[in-house]
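Going down the list, the sequences are from chains A and B.
Using the numbering used here, the first residue of the first sequence is number 1, and each one after it goes up by one.
Using the numbering used here, the first residue of the second sequence is number 1001, and each one after it goes up by one.
Yeah, the Cβ is synthetic: ideal placement off N, Cα and C, and Gly gets one too.
Model, not experiment: these values are computed from the prediction.
Read through the structure below, which is laid out as structure tokens, and then see the notes.
There are 2 protein chains.
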Amino acid sequence: MSRTSLKSERLEKLAVMLAVQSPLKLEVAAAELGVSEMTVRRDVLDSGGRFTCLGGHVIGAQNDIAGDYVLEQEIDHHAAAKAKACARAANLVEDDDTIFIDCGTTTPHLAAMIPQDLRLTAVCYSLNIADILSRRQNTRLILLGGLFHPEAASFSGDVALQELQRLSINKAFISAGGVDEQRGVTCSHFHEVPVKQAAMARSVQSHLVVDSSKFDKVRPAFFAQTDAFVSICSDRG
Amino acid sequence: MSRTSLKSERLEKLAVMLAVQSPLKLEVAAAELGVSEMTVRRDVLDSGGRFTCLGGHVIGAQNDIAGDYVLEQEIDHHAAAKAKACARAANLVEDDDTIFIDCGTTTPHLAAMIPQDLRLTAVCYSLNIADILSRRQNTRLILLGGLFHPEAASFSGDVALQELQRLSINKAFISAGGVDEQRGVTCSHFHEVPVKQAAMARSVQSHLVVDSSKFDKVRPAFFAQTDAFVSICSDRG
DNA sequence: CACATAATGTAACATAACAAACATTATGTT
DNA sequence: AACATAATGTTTGTTATGTTACATTATGTG
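In structure tokens form, the structure reads like this:
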């Protein structure tokens, strides 16, 4: 149907406009798209959660709107543990630190929790972390680029590793999918291994940031022994 | 003052709560923080743009590349022209192309307009473009990393240039702040110059993507002559 | 201890957002 | 061409947001 394509075309345009300016006035969006405000509202309603209308503005989807209730609670439950672990990690960050933040679903909490007034240099290699850090006022952000891996929203490449060699890091905050006393610390994506190892090698201190559900789990990609970390930041002591 | 520290303490809590759930109901935030809604509003107002109140909710700061109002209107006004220019540019993209997309406020339109079914390799060096491209199914994304520049949401660094040397690009889509017959093609940020030039050098074709408001304008950073481009994609022919 | 000042709470009002119902226009089909 | 259906526009009224002003409480100071 050509109508449907018109609608999705408008949603694309909306995405573009929001990338430039968000929140975006409903009135402005309507004028820009050449339709009425009501139509924009209906488009947003039919966007499957990509966008939201709030206070006469359109904003990009946020982290609450995830579909059904069961999963939502599950997510929230893990999120609480992750947030707790990250709160401890965030306490370790000091003024004028150079920090490395790993990718994954845990570390975004950390990136968001670091006090805004701290003056930092922050190194990362994933899109969502970079997004959070880029909004900080007093932070110099360095993103290790390369080939994008959608599974973890992270990048990989040997130039990124080269760049790491030239950086000196105070504290590296590393996440993991599995932590086991004998089998060591593991994750799910092999391309992350060289980056994690290089970051740890370049860092004075390495801190493991994991919620307790990861304990006694083993993932395919091994990258460090547990004693390589100065501390383990978790929801439990 | 202990009062001020209480306020910033609440702002930190807000940040944590928003990391878990956003948008967050003003009513919920007030209850959670043990203060009135009015106080939460005032906190948000005094957060220096970290947070925003919208429709009775608190949301985290969003992208607003164009800080002040004057510029904001400028962007909105030109958005249609930019979209038109980008529509023409998007037509040039073919299956299995390797494309380079420049940073700025114009090129996000292009990134969003490229048909989703095209199989591509896309190279970019700015956060907002990467964000848009990362959502494509059939596209291999390469982000040139480095030091982040908030003004243009772009990255710079010599490793990024090294990475570019190893890539062969079909079509480079370059944007500019000024296009002048005699003075050539110019932009506002000097750190973008080496990247633009390297991308053009590595590309079979270079296309200039600008709306007509840029014609006969001159910006401080020169990076190419007009004849370096195969075509100029603009809202006017 | 009283005073000044800052922070927070409360109430009320103007305004604009949201949703429903209906009117209108476009699209597709026989 | 006429019909059915989908998409969009317009209007309206209820609602609740956001603001203003003022009251109240806390904090710091001489």
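Which residues does DSSP list as the beta-bridge partners of residue i?
i       : result
A/V179  : A/V185 and A/F215
B/G1049 : DSSP, once it has assigned bridges, lists no residue as partnering B/G1049.
A/L24   : A/V58
A/V209  : A/C233
B/S1036 : Bridge partners of B/S1036: none, in fact.
B/S1154 : B/S1126 and B/H1149
May I ask which residues mark the beginning and end of the alpha helix (DSSP H) holding residue i?
i       : result
A/H109  : T107 to M113
B/A1160 : D1158 to Q1165
So the beta strand (DSSP E) residue i belongs to, where does it begin and stop?
i       : result
B/Q1197 : From DSSP, B/Q1197 is part of no beta strand (DSSP E) but of the alpha helix (DSSP H) over E1192 to A1201.
B/A1224 : A1221 to A1224
A/L231  : Reading off the sequence, residue 231 of chain A comes out as Ser, not Leu. Counting along the chain, the beta strand (DSSP E) containing A/S231 begins and ends at S231 to C233.
B/A1172 : I1169 to I1174
Skipping 5 residues on each side, what residues in its chain have a beta carbon closer than 7 Å to that of residue i?
i       : result
B/L1141 : A1122, A1130, L1133 and S1134
B/S1168 : T1098 and R1202
B/A1216 : Per the sequence presented here, residue 1216 of chain B reads as Asp, with Ala not at that position. Correct list, in chain order: D1180.
A/G146  : F155, S156, G157, V159 and A160
A/T107  : I101, I129, F173, S175 and V209
A/E74   : Caution applies to A/E74, whose pLDDT of 38 falls short of 50 and renders its modelled position unreliable; the model cannot decide the point.
B/S1036 : A1030
B/R1136 : Q1116
B/T1226 : V1179, E1181, G1184 and V1185
B/H1078 : D1211 and S1213
B/S1188 : G1177, R1219, P1220 and A1221
B/D1064 : Because B/D1064 sits at a pLDDT of 49, beneath the cut-off of 50, its placement in the model cannot be relied upon, and the point is left open.
B/A1087 : M1113
Residue i versus chain B: which residues are under 8 Å apart at the beta carbon?
i      : result
A/S47  : Within 8 Å Cβ-Cβ: nothing; A/S47 doesn't reach chain B, min ~13 Å.
A/E163 : G1145, G1146, G1157 and V1159
A/I59  : P1023, L1054, I1059 and Q1062
A/L6   : Result: empty, since nearest Cβ-Cβ is about 14 Å, beyond 8 Å.
A/L92  : By Cβ distance, chain B contributes nothing, its closest Cβ being about 15 Å from A/L92, past 8 Å.
Excluding the 5 residues flanking residue i on each side, which residues of the same chain have their C-beta closer than 8 Å to its C-beta?
i       : result
B/N1138 : Q1116, D1117, L1118, R1119 and L1120
B/N1090 : Asn is not the amino acid found at residue 1090 of chain B; the sequence shown has Ala there. Around B/A1090: L1110, M1113, I1114 and P1115.
A/A243  : With chain A covering 1 to 237 only, the question about residue 243 of chain A has no answer from this structure.
B/L1164 : V1123, L1144, V1195, A1198, A1199 and R1202
B/M1027 : First, the amino acid is wrong: residue 1027 of chain B is Glu here, not Met. Here the set comprises E1037 and G1056.
Taking C-beta pairs closer than 7 Å, name the residues in chain A that residue i reaches, listed in chain order.
i       : result
B/A1085 : None at all; the shortest Cβ gap to chain A is about 13 Å.
B/E1012 : P115
B/R1050 : Q116
Name the chain A residues that come within less than 8 Å of residue i, Cβ to Cβ?
i       : result
B/T1105 : V20
B/R1202 : Going along chain A, no residue has its Cβ under 8 Å from B/R1202, so there is no contact; the nearest lies around 15 Å.
B/A1112 : E12, K13, A15, V16 and A19
Mind listing the chain B neighbours of residue i? Cutoff is C-beta to C-beta under 9 Å, in chain order.
i      : result
A/E37  : Correct list: empty, because the minimum Cβ distance to chain B is about 15 Å.
A/I142 : G1145, G1146, L1147, F1148, F1155 and G1157
With a CB to CB cut of under 6 Å and the five nearest residues on each side skipped, what residues in its chain are close to residue i?
i       : result
A/T235  : Here residue 235 of chain A turns out to be Asp, not Thr, going by the sequence shown. Here the set comprises A81, K84, A85, D211 and S212.
A/I59   : S22, P23 and T52
A/I232  : L208
A/F222  : G184 and T186
B/V1193 : A1221 and F1223
List the residues of chain B that residue i touches, going by C-beta distances under 7 Å, in chain order.
i      : result
A/R135 : A1061
A/L127 : A1130, D1131 and S1134
Which residue spans inside the segment 1109 to 1149 of chain B form an unbroken beta strand (DSSP E) run of at least 3? If only uninterrupted beta strand (DSSP E) runs of at least 3 residues are considered, those enclosed by the segment 1109 to 1149 of chain B are 1120 to 1124, 1139 to 1143 and 1146 to 1149.
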